[in-house]
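Notes for the one structure printed next.
There are 2 protein chains.
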Amino acid sequence: MEVAVIGASMTKFGQRDAWIRELLSQAGEECLTDAGVTPDDVEHLYVSNMASGEFEGQTGIMNLLAHDLGVLPAYSERVDQTSSSGGAGIYEAWQSVASGASDMTLLVGGEKMTHKTTGQATDIIASITHPDEYKHGVTLPSFAGMTARHYLERFDAPRESLARVAVKNHKNGVDNPKAQFQKEITMEKALESPIIADPLRLYDFCPITDGSAALMFTTEERAKEITDEYALVSGIGGATDTHVVHERDDPTIMGGVVESSKQAYEMAGLGPDDLDVAELHDMFTILEFLQLEGIGVADQGTAWELAMDGATAKDGDLPINTSGGLKSKGHPLGASGVAQGVEIYEQLVGGAGPRQVEADTALACNVGGFGNCVITTIMEAAE
Amino acid sequence: MEVAVIGASMTKFGQRDAWIRELLSQAGEECLTDAGVTPDDVEHLYVSNMASGEFEGQTGIMNLLAHDLGVLPAYSERVDQTSSSGGAGIYEAWQSVASGASDMTLLVGGEKMTHKTTGQATDIIASITHPDEYKHGVTLPSFAGMTARHYLERFDAPRESLARVAVKNHKNGVDNPKAQFQKEITMEKALESPIIADPLRLYDFCPITDGSAALMFTTEERAKEITDEYALVSGIGGATDTHVVHERDDPTIMGGVVESSKQAYEMAGLGPDDLDVAELHDMFTILEFLQLEGIGVADQGTAWELAMDGATAKDGDLPINTSGGLKSKGHPLGASGVAQGVEIYEQLVGGAGPRQVEADTALACNVGGFGNCVITTIMEAAE
Numbered sequence: 001m002e003v004a005v006i007g008a009s010m011t012k013f014g015q016r017d018a019w020i021r022e023l024l025s026q027a028g029e030e031c032l033t034d035a036g037v038t039p040d041d042v043e044h045l046y047v048s049n050m051a052s053g054e055f056e057g058q059t060g061i062m063n064l065l066a067h068d069l070g071v072l073p074a075y076s077e078r079v080d081q082t083s084s085s086g087g088a089g090i091y092e093a094w095q096s097v098a099s100g101a102s103d104m105t106l107l108v109g110g111e112k113m114t115h116k117t118t119g120q121a122t123d124i125i126a127s128i129t130h131p132d133e134y135k136h137g138v139t140l141p142s143f144a145g146m147t148a149r150h151y152l153e154r155f156d157a158p159r160e161s162l163a164r165v166a167v168k169n170h171k172n173g174v175d176n177p178k179a180q181f182q183k184e185i186t187m188e189k190a191l192e193s194p195i196i197a198d199p200l201r202l203y204d205f206c207p208i209t210d211g212s213a214a215l216m217f218t219t220e221e222r223a224k225e226i227t228d229e230y231a232l233v234s235g236i237g238g239a240t241d242t243h244v245v246h247e248r249d250d251p252t253i254m255g256g257v258v259e260s261s262k263q264a265y266e267m268a269g270l271g272p273d274d275l276d277v278a279e280l281h282d283m284f285t286i287l288e289f290l291q292l293e294g295i296g297v298a299d300q301g302t303a304w305e306l307a308m309d310g311a312t313a314k315d316g317d318l319p320i321n322t323s324g325g326l327k328s329k330g331h332p333l334g335a336s337g338v339a340q341g342v343e344i345y346e347q348l349v350g351g352a353g354p355r356q357v358e359a360d361t362a363l364a365c366n367v368g369g370f371g372n373c374v375i376t377t378i379m380e381a382a383e
Numbered sequence: 384m385e386v387a388v389i390g391a392s393m394t395k396f397g398q399r400d401a402w403i404r405e406l407l408s409q410a411g412e413e414c415l416t417d418a419g420v421t422p423d424d425v426e427h428l429y430v431s432n433m434a435s436g437e438f439e440g441q442t443g444i445m446n447l448l449a450h451d452l453g454v455l456p457a458y459s460e461r462v463d464q465t466s467s468s469g470g471a472g473i474y475e476a477w478q479s480v481a482s483g484a485s486d487m488t489l490l491v492g493g494e495k496m497t498h499k500t501t502g503q504a505t506d507i508i509a510s511i512t513h514p515d516e517y518k519h520g521v522t523l524p525s526f527a528g529m530t531a532r533h534y535l536e537r538f539d540a541p542r543e544s545l546a547r548v549a550v551k552n553h554k555n556g557v558d559n560p561k562a563q564f565q566k567e568i569t570m571e572k573a574l575e576s577p578i579i580a581d582p583l584r585l586y587d588f589c590p591i592t593d594g595s596a597a598l599m600f601t602t603e604e605r606a607k608e609i610t611d612e613y614a615l616v617s618g619i620g621g622a623t624d625t626h627v628v629h630e631r632d633d634p635t636i637m638g639g640v641v642e643s644s645k646q647a648y649e650m651a652g653l654g655p656d657d658l659d660v661a662e663l664h665d666m667f668t669i670l671e672f673l674q675l676e677g678i679g680v681a682d683q684g685t686a687w688e689l690a691m692d693g694a695t696a697k698d699g700d701l702p703i704n705t706s707g708g709l710k711s712k713g714h715p716l717g718a719s720g721v722a723q724g725v726e727i728y729e730q731l732v733g734g735a736g737p738r739q740v741e742a743d744t745a746l747a748c749n750v751g752g753f754g755n756c757v758i759t760t761i762m763e764a765a766e
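Protein chains in written order, with the working numbering: chain E, 1 to 383; chain D, 384 to 766.
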């Protein structure tokens, strides 16, 4: 059974004066409109969200959204995989259609975070980490700092290469009206911003964000009846790496990225050379390098060269994060993986506006925790 | 693709001196052993859990469990559907195998609740309810009380019929060493226990519980290679009802039960007359009646008669809640739906010990919120 995506939407990402309920509802309604289907058509509804209970004291948001969107009696469920909840939602939506359980599945991801102080939000996010590491005070940014230092020293990569990721993704974000930040930054600004986790500085990190994004999935057969603008999910895979980060044999190899992309390539019958555009999970700049290597686009220790020579820029050989990435678009946990899917879908159906590149095959890689769990999705333009 | 269940386990339910991590791990390990498969065989791991973040400040428990069980690089994901998270996990596990995404899927459900005060636990559970109703102070027990009063008056049912549900399920629980309570109660005790939500009394409610349960799913083809003791998931369906309970046309009709059981019967090619045993979600005694009517075993307003004449007792025409039900087994939110699956699986493969009844076809109905979302699963014994 071929699974198609026939609609996409996302709210403005940023500091939003709206609760999770409103954000999900807005993205969901816009996706119904974009897909050209009615609420009655929807058979399954998945909500990707990590922590509405912790952030807002409201649970059961998937039932609430089913009610608000008027899709009853559609099945509704919340999918959590921490920061890769959105990618996990894509996997579930795919499975729901591929298994025959649903002919029309709406996926809405979202998170409302900015009403908390940075400390409170960081505490909620840090609850992802393994208890044996968390008790020593390790956080995700500190893992990123240690990994970046190791990578730069081991592979003799210049510090500037990380800043180039930030500068590139901010530049891409200028053309995305839904991005949290729509402003370019200079190399100087990135390199002189305050140190957060040495050697990483403020501009190596994504912000804390509110927002929601949605995708509509159906069978290819049904997609053809509804529209001629659709994409196919031709490959998808998911994998878990050790939850204890210090147990990994090589801190520069993200096992979940390697394994999930291998599954996705095999299913699609493609390889890294076939990709035209990709969204990678640049929660920290260093992760863009590790994922480029994990998905096989670059050999280990060489992805920094792609940043230096412009190969991953919008006009390069393989544009990465045309949406602006998590870096400038923002990172509302449960929404991010769905928003990656929205961007590659729009690129494949020619709906990316000023961000448009030529693309028939696209990949999205969504990372949970510090690579604890990873979903890789490959979409292709319909013939 | 026929999906089979080849193993099951559950921890002791009750007040446990163990955190969610330990409970999940214990059930998961025992299920691997029961199924006779190694950690390397597992391709997908689903964890049904509503609120480990709220109860323990620990999130990412699916990645943690994947690590603890040694099933890496298996895909791992948390499934939340409030009190029906366990049933939702069965649906996801089924989809993962039926879609071809996984050949061997482990589902582990669990919740750790009793370390919180009753007030704290109730606050977390009440966050399920619709914000428009919650702000008026409505809780799930108060919905149950109002529904029970309406049912008894409208259908001229005796108050004793509700007490009979409690007495029956406590009696069944005596034979379940994993149940929180293994003691019979008398009609007098049930009818004279303190009023909680008039007309419902203490013994009309399930307790707050810690515990975990697990099931192993694979293809029928693979099941045959591994064992001759397996069951088939022949029907499954899920549905959402209005989240605002007071909007329902008839408070005695649980729309989610009706719709999800309709889907499950259609898929299995069966009807209510074909059932040999069933587990229903008796979070409140009144819910056993509403589900018996929702799944078509009794006409509207008549299920109370089955309680009065003993038809739902272990030696009756259709034994209901041979496990002891949520009433005496306990209700660790994310575990409950999985534990229902464990009971019907054990009944079908002849592993229910002193609780064993003759059964080739069994149904489980898992209810989230006050019927906000419902999963109905039908299993059949292998030929």
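The beta-carbon is built from N, C-alpha and C at its ideal position, and this holds for glycine as well.
| query | Is the CB-CB distance between residue 373 of chain E and residue 459 of chain D below 8 Å? | reply | Yes, they are a contact pair.
| field | Where residue 537 of chain D falls, given that 16 or more other Cβ within 10 Å makes a residue buried | value | exposed
| said: Could you tell me the alpha carbon to alpha carbon distance between residue 589 of chain D and residue 439 of chain D, rounded to whole angstroms? | reply: For residue 589 of chain D and residue 439 of chain D, the distance between alpha carbons rounds to 22 Å.
| task | Could you tell me which uninterrupted beta strand (DSSP E) segments, each at least 3 residues in length, are contained entirely in the stretch 449-484 of chain D, listed from first to last along the chain? | result | The stretch 449-484 of chain D contains, as complete beta strand (DSSP E) runs of 3+ residues, the segments 458-463 (chain order).
| query | For residue 371 of chain E, does the three-state DSSP call read helix, strand or coil? | reply | coil
| request: For residue 37 of chain E, decide whether its Cβ has a neighbour in chain D, counting only Cβ atoms nearer than 8 Å. | output: no
| query | Between the beta-carbon of residue 323 of chain E and the beta-carbon of residue 294 of chain E, is there less than 8 Å? | reply | no
| query | Under the three-state reduction of DSSP, which class applies to residue 490 of chain D: helix, strand or coil? | reply | Strand at residue 490 of chain D.
| Under a Cβ-count criterion, where at least 16 other Cβ atoms within 10 Å of its own Cβ denotes burial, should residue 566 of chain D be classed as buried or exposed? | Exposed is the call here.
| query | DSSP state of residue 276 of chain E, grouped into three classes? | reply | coil
| query | Is there at least one Cβ from chain E nearer than 8 Å to residue 455 of chain D's Cβ? | reply | Chain E contact via Cβ: present.
| said: With three or more C-beta pairs closer than 8 Å as the rule, is the stretch 570-590 of chain D touching the stretch 353-371 of chain E? | reply: The stretch 353-371 of chain E, when compared against the stretch 570-590 of chain D, does not touch it at the 8 Å Cβ threshold.
| query | If we cut at 8 Å on Cβ distances, does residue 756 of chain D have a partner in chain E? | reply | yes
| request: Please name the residue in D:427, D:736, D:679, D:672 whose C-alpha comes closest to that of residue 688 of chain D. | output: D:672
| query | Can you name the residues of chain D whose CB is closer than 7 Å to the CB of residue 75 of chain E? | reply | 621, 622, 623
| task | Within the same chain, show all residues whose beta-carbon is closer than 7 Å to that of residue 466 of chain E, passing over the 5 residues directly before and after it, in chain order. | result | Nothing about residue 466 of chain E can be reported from this structure: the residues present for chain E run from 1 to 383 only.
| Near residue 619 of chain D, what residues of its chain come up, given a Cβ to Cβ distance below 8 Å and the 5 sequence neighbours on each side ignored? | 473, 474, 477, 646, 647, 650, 758, 759, 760, 761
| request: Kindly say whether residue 461 of chain D, judged by its beta-carbon, lies nearer than 8 Å to any beta-carbon of chain E. | output: yes
| said: In whole angstroms, give me the CA-to-CA distance for residue 367 of chain E and residue 160 of chain E. | reply: 24 Å
| Contact set for residue 445 of chain D: own chain, Cβ-Cβ below 6 Å, skip 5 residues either direction | 430, 459, 460, 461
| message | Since residue 10 of chain E and residue 27 of chain E should fall inside the 8 Å C-beta cutoff, what is the C-beta to C-beta distance between them, to a whole number of angstroms? | response | About 6 Å separates the Cβ atoms of residue 10 of chain E and residue 27 of chain E, confirming a contact at the 8 Å cut-off.
| How far does the beta strand (DSSP E) with residue 44 of chain E in it reach, from first residue to last? | 44-48
| field | Proximity below 8 Å, CB of residue 82 of chain E to CB of residue 20 of chain E | value | no
| query | Closer than 8 Å, CB to CB, is residue 244 of chain E near chain A or not? | reply | Absent from the structure is chain A; the protein chains it does hold are E and D.
| If you compare alpha carbons, which of E:97, E:172, E:80 is closest to residue 218 of chain E? | E:97
| Contained beta strand (DSSP E) runs [length at least 3] in the stretch 103-183 of chain E, N- to C-terminal order | 104-111
| residue 318 of chain E - DSSP class collapsed to helix/strand/coil | coil
| request: Write down the C-beta distance between residue 199 of chain E and residue 149 of chain E rounded to the nearest angstrom, noting that I regard them as a contact closer than 8 Å. | output: 6 Å
| request: Name the residue from D:572, D:413, D:699 whose alpha carbon lies nearest to the alpha carbon of residue 596 of chain D. | output: D:413
| Own chain residues within Cβ distance below 8 Å of residue 187 of chain E, not counting five before or after | If you ignore the 5 residues before and after residue 187 of chain E, its C-beta comes within less than 8 Å of the C-beta of 160, 163, 164, 167, all in its own chain and listed in chain order.
| query | At a Cβ cut of 8 Å, what residues of the stretch 499-526 of chain D count as close to chain E, listed as they run along the chain? | reply | Here the close residues are 507, 510, 511, 512, 513, 514.
| Going along chain D, which residues have a C-beta under 8 Å from residue 264 of chain E? | Ordered by position in chain D, no residue passes the 8 Å Cβ test against residue 264 of chain E, which lies about 12 Å from the chain.
| query | Rounded to a whole number of angstroms, what is the C-alpha to C-alpha distance between residue 720 of chain D and residue 667 of chain D? | reply | 15 Å
| message | How far does the beta strand (DSSP E) with residue 323 of chain E in it extend, from its first residue to its last? | response | Element bounds for residue 323 of chain E: n/a, residue is neither H nor E.
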